[in-house]
Amino acid sequence: MASSPALTSPAWLDGLNPPQRQAVLTTEGPVLILAGAGTGKTRALTARLAHILYSRLAWPSEVLAVTFTNKAAREMRHRMEMLVGEMAEGMPFLGTFHAIAARMLRRHAGLVGLDANFTILDTDDQLRLLKQVVAEAGLEEKRWPAKQLAGMIDRWKNRGELPTDVPPGESLSFGDGTPGTAGATLYARYQQRLAALNAADFGDLLLHMLTIFDQHPDVLAEWRKRFKYILVDEYQDTNSAQYRWLTLLAADRRNIACVGDDDQSIYSWRGAEVANILRFEKDFPGATVIKLEQNYRSTAPILAAANGLIAHNKGRIGKALFTGDTSAGEPIKVIGVWDGPEEARLVGDKAEQLARDGSSLNDMAILVRAQFQTRAFEDRFVSIGLPYKIVGGFRFYERAEIRDALAYLRIVASPNDALAFERIVNVPKRGLGDKAMGALHAQARRMDRPLPQAAASLVDTDELTPAARRSLKAFLADLARWREQAADLPHAELARVILEESGYVAMWQADKSVEADGRLENLIELTRAMADYPSLTAFLEHVSLVMDNDANDASEKLTIMTLHAAKGLEFDHVFLVGWEEGVFPSQRAMDEGGTKALEEERRLAYVGITRARRSATIIHAANRQIYGQWTAAIPSRFISEIPPAHVDVSSTMSGGPSLWRAALANSGAGGDPFGDVQRGTGRGPGWARAAQHGGFARDAGGGRLAANRTPAIEVRASAVSVGLKGRSDVAVGARVFHTKFGNGTVTAIDGNKLEIDFEHAGAKRVLDSFIEIVG
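Residue numbering for the sequence shown is 1 to 775, as defined by full-length UniProt numbering.
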């Protein structure tokens, strides 16, 4: 290890603890800085940059400093400006992986068949191009969505794989088996189309540079010579392509410093590989490993609880957080409640009590494992007037899939709801595009009637194409059938039927994006919520009140967010809710088996606990509604892994904490402490299984579970009425003009519908409001 020349009291070293100082001054050779939560790693990283520049070890243009987000890059540059002034302006290679790779690629674009002014496609353009590729291969886009192929290609590019590198099994997972439809073949065609367009997507920025480095050693040598020092933030989140790009650039000088925390690697679903940080010492023999373990955020009990939990992971380098503040702090509170609604009431009550005691709502957060969990808290907070905000997503009833589902329910409840009709008439796709909608709107204006009535008037005429007419007629028939069913079905069950029969659920089941599963969970949660209201009318009224929540204009708001979105943030008081098997850890992680998925879930739990500065409260419910069915819930295994000395266990149920203790009594190494209770509950990825279960509610006496007796919705079937009275100035034999079909002669009249023999279009059936009499 070599150190840079000593300086007289450099400002960037002031206040650093010994490990942070070491991270700044150890400038030569590979360095791994293991920075635990709240240990001041950003300060150490920027101080290291300042030290390198002010010590004249490198010019600003000779340093590569890589972050993951534009926000992190801006923060680093701002801190650098505070430390070194204008010198930070001369750092062209401080930024995100994609931004720096794009800058490099523009210098060498010709080596991969591009011009220097190539276009970087956004997601919409990428999907549009892939739809063309799928169509050209003769595949049906509904069965083989371009979005699914985009996700596969992104995964392959994250691994640094060209079309020829894709494993055969993965390639064949897309396409119908006919020649030319395999995923790797379509990937190759997509790359050809990109080159023809002089374009690249985000994955190409790194992939093309890897190709150039492999095929042109002189280019790689040039960049290795330029960068004297390489600094990487959040190294635990690098994917395979980013990892290879970095190791290639650092191979000669080996002056690479990676800052990260193997205990906070929670993005495997984005392609992140925790193995990259775990094998750093193998990749760079003789590397210096510096552990930043002094936490400046949380109390001692919170840190001890987090340390005890994460120690159960085997795939980690190992460190233990501690605080320099030895003052007493509260132990982690673990509270058992009866069910989900009680969980929401408890959190609301505790948040209000904290606010009365002087805490700001801005310093409180509810952290959930999945977005569908937010609904119960939103409903509760609206009812008690507690201001809140959703971070990293929309409020529950503002999410696109929920708005779509509500539009279906509104148009069934109110047949003339034009806005609801317009939102879902072509969702999922029914071939009713802009042209068809234009015709519907024009007819509505002519009739001075709502859009649904105008639609009903066009299904037997020729203003729309035959395909559009058939599609619209089928949709109107669906609406009529659902209105008939509304008289007999409970409204929650009706919602399941509508979402299933409309094809809306199938649309999201076919979607292979990361968000699709969450959207399906949200739809299931919506139908659960409906069962709590006596009628569809009452439920829709409640939603309107939630959407118009004036409390959310308050200056102070409690934060609701997912555990993933909370990484990097901190709050005085944190509520960790839904800590039950199947919720957290997630059912998917449990189904996958093995240790990899469960260890990532445990790291997510560690992230959640370490967000808290003063207090952390973990809540688990004894009963949880799963896909419409009340099921006995088992406390999360993570609760039993927190050292008992740092946990204060209580319960709102009779018997105190005994239920929690009993559920954990069989926990131990090598076994499944949760037995068969969780199995067989009907939890799975599909909606069909969920739809088989009726809603259940707790009986008023004794806490028994009883079949839900929710009354049927108040809405009764009502046909869309269309005025049939025809124009008095039209007679058989009249010469008329139609804006679409031209001149013709009226041959028959049926109310407001005319049979017309057009000179060029032949016989057509149209509405009289579309024609002009010409003589």
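Glycine included, every Cβ here is placed at the ideal spot set by N, Cα and C. Given the structure is predicted, the values throughout are model-derived calculations rather than measurements.
For residue 62, there is no enclosing alpha helix (DSSP H), as DSSP marks it with neither H nor E.
Rounded to the nearest whole angstrom, the CA to CA distance from residue 17 to residue 623 is 47 angstroms. In the DSSP assignment, residue 573 falls within the unbroken beta strand (DSSP E) covering 571-576.
Following the DSSP letters along the chain, one finds residue 621 inside the beta strand (DSSP E) bounded by residues 612-621. With respect to the 8 angstroms criterion, residue 63 and residue 333 are not classified as neighbours on the basis of their beta carbons. Taken atom to atom, the span from the alpha-carbon of residue 176 to that of residue 139 is near 7 angstroms. The Cβ neighbour count for residue 82, taken over all protein chains shown within 10 Å, is under 16; the residue is labelled exposed. Non-local beta-carbon contacts of residue 155 in its own chain, meaning distances under 7 angstroms to residues more than five positions away in sequence, involve 271 in chain order.
A direct Cα-to-Cα measurement between residue 568 and residue 526 gives close to 30 angstroms.
In the DSSP assignment, residue 764 is bridged to 756.
Per the coordinates, the alpha-carbon of residue 364 lies some 6 angstroms from the alpha-carbon of residue 572.
In this structure residue 46 does not touch residue 295 by the C-beta definition: roughly 19 angstroms separates them, more than the 8 angstroms allowed.
For the pair residue 41 and residue 35, the CB atoms are nearer than the 8 angstroms cut-off.
Of the candidates 174, 242, 305, 174 places its Cα closest to the Cα of residue 182.
Assignment of residue 650 by DSSP, reduced to helix, strand and coil, places it in the strand class. Taking 8 angstroms as the cut-off, the Cβ atoms of residue 747 and residue 759 do not count as close. Taking the Cα of residue 369 as reference, the smallest distance to any Cα among 586, 221, 162 is reached at 586. Counting along the chain, the unbroken alpha helix (DSSP H) around residue 348 starts and ends at 340-356. It is roughly 35 angstroms from the alpha-carbon of residue 589 to the alpha-carbon of residue 423.
Counting C-beta atoms within 10 angstroms of its own C-beta, residue 69 has fewer than 16 neighbours from the protein chains shown and is therefore classed as exposed. In the displayed model, residue 91 falls within coil according to three-state DSSP, outside both helix and strand.
The three-state reading of DSSP puts residue 639 in helix, counting H, G and I together.
Between residue 435 and residue 507, the alpha-carbon positions lie close to 23 angstroms from each other. Cβ neighbours of residue 322 within its own chain (closer than 7 angstroms, five residues either side excluded): 293, 294, 295, 303.
For residue 743, no alpha helix (DSSP H) segment is defined; the enclosing uninterrupted segment is the beta strand (DSSP E) at 742-750.
Around the Cβ of residue 52, a 10 Å sphere holds 16 or more other Cβ atoms; the residue is buried. For residue 142, there is no enclosing beta strand (DSSP E), as DSSP gives it neither H nor E.
As computed with DSSP, residue 151 is found in no beta bridge at all. If you look at residue 35, you'll find it in the beta strand (DSSP E) that goes 31-35. DSSP places residue 508 within a helical segment (H, G or I) once states are collapsed to three.
Going by DSSP, residue 562 is part of the beta strand (DSSP E) stretching over 558-562. Contact check for residue 100 against residue 134 fails: the beta carbons are separated by 8 angstroms or more. Residue 411 and residue 482 have their C-alpha atoms some 10 angstroms from each other. Straight-line measurement puts the Cα of residue 360 at about 7 angstroms from the Cα of residue 556. Note: residue 295 is bridge-paired with 323 in the DSSP secondary-structure output. Straight-line measurement puts the Cα of residue 287 at about 35 angstroms from the Cα of residue 201.
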